[in-house]
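Notes to accompany the following structure.
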Amino acid sequence: MIWIIFSSFIVLMFIGVPVGFSMITSSLFYIVLTGQNVFVIVQRMVNSLNSFPLLAIPGFILVGNLMNSSGLTNKIFRFARDLVGHMHGGLAQVNIILSLIFSGTSGAALADIGGIGAMEMKAMTEAGYDKEFSASITIASATVGPIFPPSIPLVMYGALAEASIVGLLLGGIFPAFIFVILMMITTTIISRIKKYPRDSKRASLKKIARSFFQSLPAILTPIVLILGLVSGVFSPTEAAAVTIIYIILILFFVYKDITLRGFFNACKESVSTTSAILINVAGAALLGYIAAIEQLPQAITGYLLNYAQSPITALLILNGILLIAGCFLETIAALLLFTPIFVPVYQQLGFDPIHIGMVMVFNLMIGLLTPPMGMSLYMVSNIVGEKMERILKSLLPFYIPLFLTLLLITFVPSMVLFIPNLIG
Amino acid sequence: MKYKRASIQPIIKLLELFSTFLFFLMMLTIGTEVVSRYVFQRPLIWTSELAVYLNIWIVFIGISFVTYSEAHIRLDFFVNKLGIKTQRVIEVVSYIIIAVISISLVFGCAFLIKRFWTLRSPTMRLPTPILYASLLIGLFLNLIVSLLKIIERIQLVIRGER
Numbered sequence: 003m004i005w006i007i008f009s010s011f012i013v014l015m016f017i018g019v020p021v022g023f024s025m026i027t028s029s030l031f032y033i034v035l036t037g038q039n040v041f042v043i044v045q046r047m048v049n050s051l052n053s054f055p056l057l058a059i060p061g062f063i064l065v066g067n068l069m070n071s072s073g074l075t076n077k078i079f080r081f082a083r084d085l086v087g088h089m090h091g092g093l094a095q096v097n098i099i100l101s102l103i104f105s106g107t108s109g110a111a112l113a114d115i116g117g118i119g120a121m122e123m124k125a126m127t128e129a130g131y132d133k134e135f136s137a138s139i140t141i142a143s144a145t146v147g148p149i150f151p152p153s154i155p156l157v158m159y160g161a162l163a164e165a166s167i168v169g170l171l172l173g174g175i176f177p178a179f180i181f182v183i184l185m186m187i188t189t190t191i192i193s194r195i196k197k198y199p200r201d202s203k204r205a206s207l208k209k210i211a212r213s214f215f216q217s218l219p220a221i222l223t224p225i226v227l228i229l230g231l232v233s234g235v236f237s238p239t240e241a242a243a244v245t246i247i248y249i250i251l252i253l254f255f256v257y258k259d260i261t262l263r264g265f266f267n268a269c270k271e272s273v274s275t276t277s278a279i280l281i282n283v284a285g286a287a288l289l290g291y292i293a294a295i296e297q298l299p300q301a302i303t304g305y306l307l308n309y310a311q312s313p314i315t316a317l318l319i320l321n322g323i324l325l326i327a328g329c330f331l332e333t334i335a336a337l338l339l340f341t342p343i344f345v346p347v348y349q350q351l352g353f354d355p356i357h358i359g360m361v362m363v364f365n366l367m368i369g370l371l372t373p374p375m376g377m378s379l380y381m382v383s384n385i386v387g388e389k390m391e392r393i394l395k396s397l398l399p400f401y402i403p404l405f406l407t408l409l410l411i412t413f414v415p416s417m418v419l420f421i422p423n424l425i426g
Numbered sequence: 369m370k371y372k373r374a375s376i377q378p379i380i381k382l383l384e385l386f387s388t389f390l391f392f393l394m395m396l397t398i399g400t401e402v403v404s405r406y407v408f409q410r411p412l413i414w415t416s417e418l419a420v421y422l423n424i425w426i427v428f429i430g431i432s433f434v435t436y437s438e439a440h441i442r443l444d445f446f447v448n449k450l451g452i453k454t455q456r457v458i459e460v461v462s463y464i465i466i467a468v469i470s471i472s473l474v475f476g477c478a479f480l481i482k483r484f485w486t487l488r489s490p491t492m493r494l495p496t497p498i499l500y501a502s503l504l505i506g507l508f509l510n511l512i513v514s515l516l517k518i519i520e521r522i523q524l525v526i527r528g529e530r
């Protein structure tokens with residue numbers, strides 16, 4: 003029975019029915035087949051959204067939209083370029099850090115690649131980098147953004163797994179830094195070998211100082227958010243709200259370029275994104291409910307206990323399933339589908355839900371870069387107008403930092419857990 | 369076809385405006401919560417409930433205009449590999465599914481609204497059916513939008529346009 007429900011979901015999704023509606027449809031099958039009343043679905047859908055922590059999602063979306071539409075991201079970019087543009091591969095390094103911070107605010111790494119990613123790639127190709135390198139570095143770094151705050155996938159995971167969302171957001175910080183360092187090393191090596199261009203003249207100290215002070219309030223924005231979370235005082239939703247208030251204040255008092263229209267447009271854009279994302283959360287809650295009634299997690303636990311004698315095997319199985327799923331399924335859909343099934347299983351096997359969440363999100367993000375589905379690859383090849391195969395070829399070296407970080411996250415849980423544990 | 373599109377567009381635009389207003393209100397409410405709690409040390413009790421209710425309204429009302437602008441998260445990778453005519457047929461099937469789901473859930477919502485007519489929310493004492501009403505309105509409009517999309521797609525197939 004349960005398999006019919008889940009396979010109907012997969013089939014519906016593959017023929018292009020929106021993910022949320024695929025989930026609702028297969029749940030409706032189940033409800034009708036088991037002779038329950040349709041209102042159960044309505045009740046579950048409404049209840050799944052009846053949660054204050056979930057409001058961090060619209061909050062983060064608005065933060066992202068405000069920063070991009072008001073030009074705050076551009077200011078940061080300009081400063082970073084003045085600072086390191088003269089180094090070999092300097093612009094590429096800037097790209098890594100910016101993508102890390104700013105992707106993840108729209109819930110789909112994809113949308114961020116279209117936003118800030120497009121700007122970075124344009125600047126890089128203008129500076130003389132080849133298209134495929136600019137594209138591959140952008141998607142490689144952007145797919146890691148979702149484990150670094152602000153991150154919508156982590157909030158969704160936390161809400162569904164009933165894990166600490168603050169813990170998740172904090173847990174991603176250290177692995178993300180490790181990844182950035184690995185990425186930067188790889189980039190430096192590649193840039194040296196390929197002699198990538200640099201800005202001809204080093205920006206004068208005066209110029210750097212000026213652009214630093216101009217961009218300082220903007221640079222502080224993500225720091226405000228992260229400090230809000232680290233302080234342990236704010237919940238993620240409140241931290242998002244504080245960040246929004248901060249952005250409005252600096253736009254009003256420092257940059258003096260906020261318009262009511264601009265703010266309205268940022269809100270308007272956030273509305274459809276919020277709806278498009280959260281409808282899937284409601285759908286996933288339905289599938290999770292059915293999985294729970296049918297005792298699917300218990301069945302999988304029993305199966306896993308037979309097969310996986312050691313925690314290492316259990317983690318390898320999780321990685322394997324998610325990597326494969328990530329190559330074929332839409333990230334958010336996969337995350338929402340697997341969270342209610344796997345989290346109870348792995349919790350029972352003795353794993354921390356924060357650790358499992360990080361493993362899941364990171365695996366699925368890598369899936370975005372891998373054919374045949376590799377949505378990031380498709381999108382970016384459209385944006386820069388370069389063949390996917392060529393981008394994939396130049397992406398290959400970046401799989402080293404990606405998989406190294408994945409291994410670390412998977413097998414060194416303390417790397418993820420120590421910051422959340424410090425905060426308590 | 370242009371005519372049909374135009375006929376529902378004002379409603380969608382109005383709805384979008386309304387949702388944006390709700391979104392603004394929600395952010396204002398969360399902001400008020402933060403300020404009252406951390407600046408004035410006097411947390412208000414109704415803010416989080418109001419913000420959550422507003423969010424539910426935004427999400428469910430939004431279903432209709434997300435369907436309208438075809439911005440739902442979906443997997444078009446495999447469908448895009450098919451011929452244009454097959455694609456259209458599959459799209460019609462997909463919108464029929466959406467329409468059927470919408471209408472079934474509209475009945476579910478109506479049932480719940482009737483059943484919980486007297487129930488009140490914990491802190492603001494708002495009637496609980498308000499929550500189900502958002503889904504009812506959103507799905508009803510979604511039904512209309514998806515029916516229009518079906519007609520549009522069928523016309524495209526008949527005319528053989530891309």
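As they're listed, the protein sequences go chains A and B. Residue numbers are given in the working numbering: position 339 of the first sequence equals residue 341, and the series is strictly consecutive. Residue numbers are given in the working numbering: position 143 of the second sequence equals residue 511, and the series is strictly consecutive. Glycine included, C-beta positions come from ideal geometry on N, C-alpha and C.
| Item | Value |
| --- | --- |
| Top-ranked residue by Cα proximity to Asn423 (chain A), from A:Gly174, A:Ala161, A:Gln95 | A:Gly174 |
| Arg483 (chain B) (DSSP reduced to helix, strand or coil) | helix |
| DSSP bridge partner residues for Arg488 (chain B) (one or two, in chain order) | B:Pro495 |
| Ser462 (chain B) versus Val402 (chain B) - alpha carbon distance | 43 Å |
| Rounded Cβ spacing between Leu371 (chain A) and Leu379 (chain A) (contact assumed at less than 8 Å) | 6 Å |
| Selected residue, minimal CA-CA separation from Cys269 (chain A), among B:Val407, B:Val468, B:Asn423 | B:Asn423 |
| Burial state of Ser375 (chain B), where buried means 16 or more other Cβ atoms lie within 10 Å | exposed |
| Minimum Cβ-Cβ distance from Thr388 (chain B) to chain A less than 7 Å | yes |
| Alpha helix (DSSP H) segments (min. 4 residues) lying fully within the region 332 to 372 of chain A | 333 to 350, 355 to 369 |
| Whether Ser101 (chain A) touches Ser143 (chain A) by CB criterion (7 Å) | yes |
| Cβ-based burial, Leu385 (chain B) [other Cβ within 10 Å; buried from 16] | exposed |
| Three-state secondary structure (DSSP) of Leu207 (chain A) | helix |
| Below-7 Å beta-carbon distance, Ile413 (chain B) vs any chain A residue | no |
| C-beta atoms of Asn282 (chain A) and Leu338 (chain A) nearer than 7 Å | yes |
| Helix, strand or coil at Met186 (chain A) [DSSP, three-state] | helix |
| Proximal residues of chain B, C-beta to C-beta of Cys329 (chain A) below 8 Å | By Cβ distance, chain B contributes nothing, its closest Cβ being about 11 Å from Cys329 (chain A), past 8 Å. |
| Contact with chain A by Phe391 (chain B), beta-carbon distance below 7 Å | yes |
| Contact the region 223 to 241 of chain A vs the region 32 to 45 of chain A: 3+ CB pairs below 8 Å | no |
| Cutoff 6 Å; reference Leu404 (chain A); Cβ partners in own chain excluding five residues on either side | Ile368 |
| Start-to-end residues for the alpha helix (DSSP H) that takes in Phe265 (chain A) | 262 to 295 |
| Below-7 Å beta-carbon distance, Glu332 (chain A) vs any chain B residue | yes |
| For Phe16 (chain A), the first and last residue of its enclosing alpha helix (DSSP H) | 4 to 16 |
| Cβ-based burial, Gln95 (chain A) [other Cβ within 10 Å; buried from 16] | buried |
| Contact check, His88 (chain A) vs Tyr198 (chain A), beta carbons under 7 Å | no |
| Span separating the alpha-carbon of Phe214 (chain A) from that of Leu74 (chain A) | 13 Å |
| C-alpha gap between Tyr348 (chain A) and Ile167 (chain A), whole angstroms | 18 Å |
| Cβ contact (3+ pairs, closer than 8 Å) linking the region 177 to 185 of chain A and the region 244 to 253 of chain A | no |
| Under 7 Å (Cβ pairs) to chain B, residues found in the region 152 to 166 of chain A | none |
| Rounded distance between the beta-carbons of Ser396 (chain A) and Ser138 (chain A), thought under 8 Å | 5 Å |
| Among A:Phe340, A:Pro346, A:Arg80, A:Leu171, the one whose alpha carbon lies nearest that of Gly285 (chain A) | A:Phe340 |
| Rounded C-alpha distance that separates Arg483 (chain B) from Tyr500 (chain B) | 11 Å |
| Listed by chain order, chain B residues near Gly369 (chain A) by CB distance under 7 Å | By Cβ distance, chain B contributes nothing, its closest Cβ being about 13 Å from Gly369 (chain A), past 7 Å. |
| Ala310 (chain A) vs Ile323 (chain A) beta-carbon contact at 7 Å | no |
| Helix, strand or coil at Asn52 (chain A) [DSSP, three-state] | coil |
| Where Ser1 (chain A) meets chain B, residues with beta-carbon distance less than 8 Å | Any question about residue 1 (chain A) goes unanswered here, given that chain A covers just 3 to 426. |
| Cβ-based contacts, 9 Å cut-off: residues of the region 451 to 462 of chain B near chain A | Gln455, Ile458, Glu459, Val461, Ser462 |
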